[in-house]
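Mapping of the sequence shown onto my numbering: residues 11 to 201, in sequence order.
Don't be surprised by glycine CBs; every beta carbon is placed ideally from N, CA and C.
Written below as structure tokens is the structure these notes are about.
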Amino acid sequence: TFGLGIVFVEAVRFFFGSLSKAMPPPAALAGITPIGFMFYPTYRLALLGIVAVALLALYLVLYRTRIGMIVRAGIEDSVMVDSLGIDVYKVFMLVFGIGAMAAGFAGIINAPVVSIAPDVGEAILVQTFVVVVIGGVGSFPGAVLGGLIAGEIISITSMFNPGYSYVMLFVAMTLVLVLRPYGLLGTAGRE
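Structure (structure tokens):
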């Protein structure tokens, strides 16, 4: 998968070049908003709201609906779910499609924050891997917690020395792996 990703990135570079393109935020969300004693970009505040709503919707679908129960059961024991007459393959294809749609949506709303470039996904991919390891594979709350921790580590370290932000991120991941190999909110795997 990583090799195929590299091929796609290089193909985009070959056909379209490697220059990045900045996208402005929507006009209604451009500018800054005063918050107490500081000012914050309005678009980033809107992003916080959009992400909070998206996470809540995803949580409600996964943990409060029949399809969410089927998805979670299919992850645990797909043979059992299949024996109940539910086509697990179709369910997983639906989940894959929703995941691809969510990734596209994330790219669209993140474009004004990070310039569009052929290799923009590589840094995000590394961060995503670290988030999943810190939070715990298969844990939705763990992914949220891991994302918050990773974001804080990068932000705080960047204030002092931006060159060490990813180093500290990997140090945190290593500490989690040593102290709790299945992540902060993950569960131990089956033998």
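In the DSSP assignment, the beta strand (DSSP E) including residue i goes from what residue to what residue?
{"i": "Y69", "result": "No beta strand (DSSP E) holds Y69; the alpha helix (DSSP H) holding it covers 52-74."}
Going straight from the alpha carbon of residue i to that of residue j, what length do you get?
{"i": "G173", "j": "A133", "result": "14 Å"}
{"i": "I163", "j": "S88", "result": "37 Å"}
{"i": "I16", "j": "I118", "result": "21 Å"}
{"i": "G196", "j": "F25", "result": "42 Å"}
{"i": "G78", "j": "N171", "result": "42 Å"}
{"i": "G156", "j": "I60", "result": "19 Å"}
{"i": "L179", "j": "D92", "result": "40 Å"}
{"i": "A38", "j": "G109", "result": "28 Å"}
{"i": "Y176", "j": "A182", "result": "10 Å"}
{"i": "V98", "j": "I85", "result": "9 Å"}
{"i": "V154", "j": "V63", "result": "13 Å"}
{"i": "V124", "j": "M33", "result": "8 Å"}
{"i": "R76", "j": "F139", "result": "29 Å"}
{"i": "R82", "j": "S168", "result": "37 Å"}
{"i": "T184", "j": "D129", "result": "26 Å"}
{"i": "G46", "j": "L57", "result": "19 Å"}
{"i": "L14", "j": "R190", "result": "32 Å"}
{"i": "M90", "j": "I96", "result": "9 Å"}
{"i": "K100", "j": "P36", "result": "37 Å"}
{"i": "F12", "j": "Y50", "result": "36 Å"}
In the DSSP output, which residue or residues are listed as bridge partners for residue i?
{"i": "E43", "result": "The displayed chain sequence assigns Thr, not Glu, to residue 43. BP columns for T43 point to Y50."}
{"i": "K31", "result": "I126"}
Just curious, the alpha helix (DSSP H) that residue i is in, first and last residue?
{"i": "A133", "result": "130-145"}
{"i": "R23", "result": "12-26"}
{"i": "A38", "result": "Careful: A38 lies outside any alpha helix (DSSP H) and carries neither H nor E."}
{"i": "Y99", "result": "98-120"}
{"i": "D92", "result": "88-93"}
Within the present structure, is the beta-carbon of residue i separated from the nearest heavy atom of the ligand MG by less than 7 Å?
{"i": "T167", "result": "The ligand content of the structure shown is nil, which means the ligand MG is not present either."}
Measuring CA to CA, which of the options is closest to residue i?
{"i": "I144", "options": "V154, M169, V186", "result": "V186"}
{"i": "P151", "options": "G193, P35, A116, L189", "result": "G193"}
{"i": "G27", "options": "G161, G146, A127, V141", "result": "A127"}
{"i": "E20", "options": "S149, V188, G131", "result": "G131"}
With a threshold of 8 Å between beta-carbons, can residue i be considered close to chain C, or not?
{"i": "I163", "result": "Any reference to chain C falls outside this structure, which holds one protein chain only."}
- prompt: What residue ranges within the segment 148-185 form continuous alpha helix (DSSP H) runs of no fewer than 4 residues, ordered along the chain?
  reply: 150-170
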